[in-house]
Structure formats: structure tokens, C-alpha cells
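Residue numbers (the UniProt record's numbering): 1 to 207. Where a beta carbon is used, it is the ideal one built from N, C-alpha and C, also for glycine. Small disclaimer: the values here were computed from a predicted structure and weren't measured. Comments concern the structure below.
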């Protein structure tokens with residue numbers, strides 16, 4: 001089983017933790033990660049873009065000139081797509097871009113990213129993480145002490161408002177409860193900062 005050092009908030013080594021092989025030592029599937037990230041980005045799309053077709057543009061109810069005898073091409077409306085101010089051909093309309101991917105594929109992608117974090121030394125395990133009051137400066141000091149860099153994904157066992165409010169104003173840092181982590185956020189952050197309790201929660205929820 002893979003092992004990782006456990007740090008305190010001062011960056012000091014206080015122990016060692018054996019990681020679950022299913023979560024942190026699996027075969028990496030780049031395709032699964034790609035499919036799940038694509039799905040998450042598609043599900044985030046608002047789908048609110050809209051343009052008017054020639055049927056919806058104001059005006060153009062009268063034929064601009066007679067059918068024959070002018071020497072010009074026949075026209076039925078000044079709101080046809082080739083006119084300035086005309087409608088849009090195949091105009092985009094509000095739609096839902098979301099779709100589902102199989103649960104097994106989502107799990108495979110999650111295991112792959114977590115394994116990658118271990119292999120690339122991007123996993124930082126803390127013995128605990130708590131605040132008596134929201135303190136952004138204290139949160140920034142913790143990230144510096146554990147060498148988490150500028151883009152860190154902080155994961156706690158449960159929703160912790162004090163932890164969230166302490167880290168939310170730090171650019172590039174996101175906070176999540178263990179049961180809500182997702183592949184896209186794991187991929188786009190350089191470091192995964194997670195507590196021992198959160199790892200236990202991951203094993204409980206995702207295995």
C-alpha cells in the first residue's frame with residue numbers, strides 16, 4: 001500500500017499514513033479523466049445563448065418590391081438573412097448541454113486523478129485543520145508552511161464554514177467537503193491538501 005507523510009499546520013512531519021490502494025494506487029486512465037472533465041464542463045454550461053430567426057425579427061412583413069419587371073432578384077422580405085438587420089440562419093436557441101456518464105467511469109476517473117496526485121507528489125495530508133474564527137492570513141501561512149503553492153484544493157471531512165471562509169479569498173484556492181470532491185477541480189489544482197479524516201471519508205463514500 002502507498003504511504004504518505006502526515007504534516008501539521010506548521011509543515012512538520014508528525015507521522016505516516018497508509019493509503020487505500022483502490023483510491024490511490026490504481027491504473028491511471030487518461031481517457032476516463034478526459035470524458036468526466038468534458039462532462040462536468042458541459043454540465044456547467046448555461047445554454048442561454050439566443051438569436052432571432054427571420055420569423056422573429058421585427059418588420060419585413062411587406063414584400064419590398066414587385067416580383068417581376070425590376071431587373072432585380074425576387075425578394076419576399078427585407079428581414080431575410082442576407083439583409084442587414086435580417087434574421088440569423090439556424091439561430092442558436094436556449095438548450096440544455098448536460099448529459100450523464102456512467103458511475104463506473106466517474107469512479108475510474110476519480111481513482112486515476114487521486115493516484116496521479118500521489119505519483120507526482122501533489123498530495124499533502126494534514127493531521128487536522130480547524131480555525132477558531134475566519135482568518136485568511138492564518139490560512140495563507142498554513143499553505144506556505146506546507147508548501148502547497150498558489151493553486152491548492154483543500155478538502156475536509158465535512159463542510160466547515162470557518163475553513164471555507166478562511167481560504168475563500170485566497171486566489172487559486174478552493175475548499176470542498178470530502179463527499180463533494182470532483183475530477184475537474186482535482187485536475188485544475190496543483191496540490192491536493194486533505195486531512196486524515198477526509199481521507200477516511202473518501203474511503204467511506206467512494207469505495
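Cα-Cα separation, residue 110 to residue 102: 13 angstroms
Whole-number beta carbon distance between residue 11 and residue 146, since they are thought to touch under 8 angstroms: 5 angstroms
The segment 121 to 128 contacting the segment 88 to 103, beta-carbon criterion three pairs below 8 angstroms: no
Inter-stretch contact (C-beta, 8 angstroms, three-pair minimum) for the segment 16 to 29 and the segment 73 to 81: no
Residue interval of the beta strand (DSSP E) (run including residue 153): 152 to 156
Range covered by the alpha helix (DSSP H) that runs through residue 41: 30 to 44
Limits of the unbroken beta strand (DSSP E) element including residue 142: First-last for residue 142: 136 to 145, but that is the alpha helix (DSSP H), not the beta strand (DSSP E).
The segment 47 to 58 touching the segment 127 to 144, judged by at least three CB pairs closer than 8 angstroms: no
Residue range of the unbroken beta strand (DSSP E) whose run includes residue 7: 3 to 7
Inter-residue spacing [alpha-carbon to alpha-carbon] between residue 22 and residue 202: 11 angstroms
Start and end residues, alpha helix (DSSP H) containing residue 161: 161 to 167
Per-residue burial, residue 60 [other beta carbons within 10 Å of its own, 16 or more giving buried]: buried
Test item: CB-CB of residue 137 and residue 172 under 8 angstroms: no
Meets three-Cβ-pair contact criterion under 8 angstroms: the segment 27 to 45 and the segment 173 to 189: yes
The segment 81 to 88 in contact with the segment 153 to 167 per 3-pair CB rule at 8 angstroms: no
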